[in-house]
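Residue numbers (UniProt numbering): 1 to 382.
Worksheet for the structure shown next.
In structure tokens:
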């Protein structure tokens, strides 16, 4: 017993020292520059001012922002320059659509939707269903579970690939490809990287990954790994690119436990759940990796460790544990430029309320006192 307490005490000291260094690392970051410009969107009384899954487009020389209005089951199209709602496409939940949980706008003839039962729709600007397929096919190992959010399918002349985000098992495909809407034939894509599975903590912000297609490569951001994985267009791994920026951002797998299929059939013990919570609070989370084609910059959104204690997830409300966030900026060749601290609580980072523009990165500002307006501030990084 004394031996166990000794090693547990060493663990507490290790976590405390490590997190203190990471806190100091955050405090030494640059402050955000002053906003270059601001967008204000007028929000109707039935909608939330917290913008979900914004997609920025330019059509006919006009800047528009598309968002998922989850409360009203519709897509909203805003004119950014005027701040006005130009059009809404409502999807009747009592018909085929059910509850829409994600979308991707390609053009007026091709709008992809996903609902909560994993139906994938190809629709148009008039809200008409052109095609429909259920992507949760029982014959595919690791049946895709597309989490709510902005879909980013890879579309070619021969097939469509969609991300399989909700994954944390070895040998499960991270992408699913289908060639024919009619016969619902599916083909699995690359497997989830073992590094991601071995460092997966089972909960919270570590549930999904993001990617960017730039030129002839895909750049994949795994939320628990400091490296960005570079693949060719056939999803063959080219290299791991370590993007630490200012200071070490390598996560330490203090209680390492990869989730193999046999593990998932066993209910975690109380001790294991507490182990998971300590990983969550003491490590970084890499929320997103964005490419700005207008400025030829990459942005990586980083969440810093929360605290140094081994926390009991059964005693704490994790939604109230706030992280510090930063923006790492890289040029097109992934040379590090700078890292900027995001003021705590000022922007809706956890909601994914940000997007790239020709002038830089736009982030939605928190403004609970005036919920009839959504305010985005645009930042240019030198």
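From the three backbone atoms N, C-alpha and C, an ideal C-beta is built for every residue, glycine too.
Item: What does the alpha-carbon distance come out to for the pair residue 120 and residue 131?; Value: 8 Å
Item: Among 57, 242, 72 and 374, which residue has its Cα nearest to the Cα of residue 101?; Value: 72
Item: Cβ of residue 325 within 8 Å of Cβ of residue 345?; Value: no
Item: Answer yes or no: do residue 56 and residue 357 have a C-beta to C-beta separation smaller than 8 Å?; Value: yes
Item: Got a sec, what are the start and stop residues for the beta strand (DSSP E) residue 327 sits in?; Value: 325-331
Item: Span of the beta strand (DSSP E) holding residue 241?; Value: 237-242
Item: My output table needs one value for residue 350: the three-state DSSP class, helix, strand or coil.; Value: coil
Item: Assign residue 219 to buried or exposed, taking buried as 16 or more other Cβ atoms, counted over all protein chains shown, within 10 Å of its Cβ.; Value: buried
Item: Can you tell me whether DSSP reads residue 27 as helix, strand or coil?; Value: helix
Item: Taking just the CA atoms, how far does residue 112 sit from residue 96?; Value: 14 Å
Item: Give me the DSSP bridge partner(s) of residue 132.; Value: 121
Item: Rank 225, 290 and 372 by C-alpha distance to the C-alpha of residue 354 and give the top, closest one.; Value: 290
Item: Using beta-carbon positions only, say whether residue 36 and residue 378 come within less than 8 Å of one another.; Value: yes
Item: So, helix, strand or coil for residue 364, using DSSP?; Value: strand
Item: Locate the beta strand (DSSP E) running through residue 372, then write down its first and last residues.; Value: Segment: none, residue 372 is in no beta strand (DSSP E) and carries neither H nor E.
Item: So what does DSSP say about residue 38, is it helix, strand or coil?; Value: strand
Item: Tell me the DSSP bridge mates of residue 342?; Value: 325
Item: Would you mind listing the beta strand (DSSP E) stretches within the segment 33-116 that are 3+ residues and don't spill past its ends, in chain order?; Value: 37-42, 55-59, 62-69, 74-79, 84-90, 100-107 and 110-115
Item: When you compare only the Cα positions, how much space is there between residue 336 and residue 40?; Value: 31 Å
Item: From residue 69 to residue 340, what distance separates their C-alpha atoms?; Value: 30 Å
Item: For the candidate residues 286, 283, 281 and 331, whose alpha-carbon lies nearest to that of residue 295?; Value: 331
Item: State the start and end residues of the unbroken beta strand (DSSP E) segment that holds residue 301.; Value: 297-303
Item: State buried or exposed for residue 236, treating a residue as buried only when at least 16 other CB atoms are found within 10 Å of its CB.; Value: exposed
Item: Compare the beta carbon distance of residue 232 and residue 216 with 8 Å and say whether it is the shorter of the two.; Value: yes
Item: Measure the alpha-carbon distance for residue 33 versus residue 98 and round it to whole angstroms.; Value: 43 Å
Item: Given a cut-off of 8 Å on the beta-carbon distance, is the pair residue 343 and residue 286 in contact?; Value: no
Item: Whole angstroms are fine: how far does the CA of residue 31 sit from the CA of residue 368?; Value: 23 Å
Item: Which residue comes first and which comes last in the beta strand (DSSP E) that contains residue 232?; Value: 227-232
Item: Report the option in 88, 38, 228 and 24 whose CA atom is closest to the CA atom of residue 44.; Value: 88
Item: Check each candidate in 67, 381, 351 and 375 and name the one with the smallest Cα separation from residue 360.; Value: 381
Item: Give the straight-line distance between the Cα atoms of residue 249 and residue 338, rounded to the nearest whole angstrom.; Value: 15 Å
Item: When burial is assigned at 16 or more other CB atoms within 10 Å of the CB, is residue 42 buried or exposed?; Value: exposed
Item: Using a 10 Å radius around the Cβ and a threshold of 16 neighbouring Cβ atoms, would you call residue 47 buried or exposed?; Value: buried
Item: Where do the N-terminal and C-terminal ends of the beta strand (DSSP E) with residue 292 fall, by residue?; Value: 285-292
Item: Drop a sphere of 10 angstroms on the beta-carbon of residue 373, count the other beta-carbons inside from all chains shown, and report buried for 16 or more, exposed for fewer.; Value: exposed
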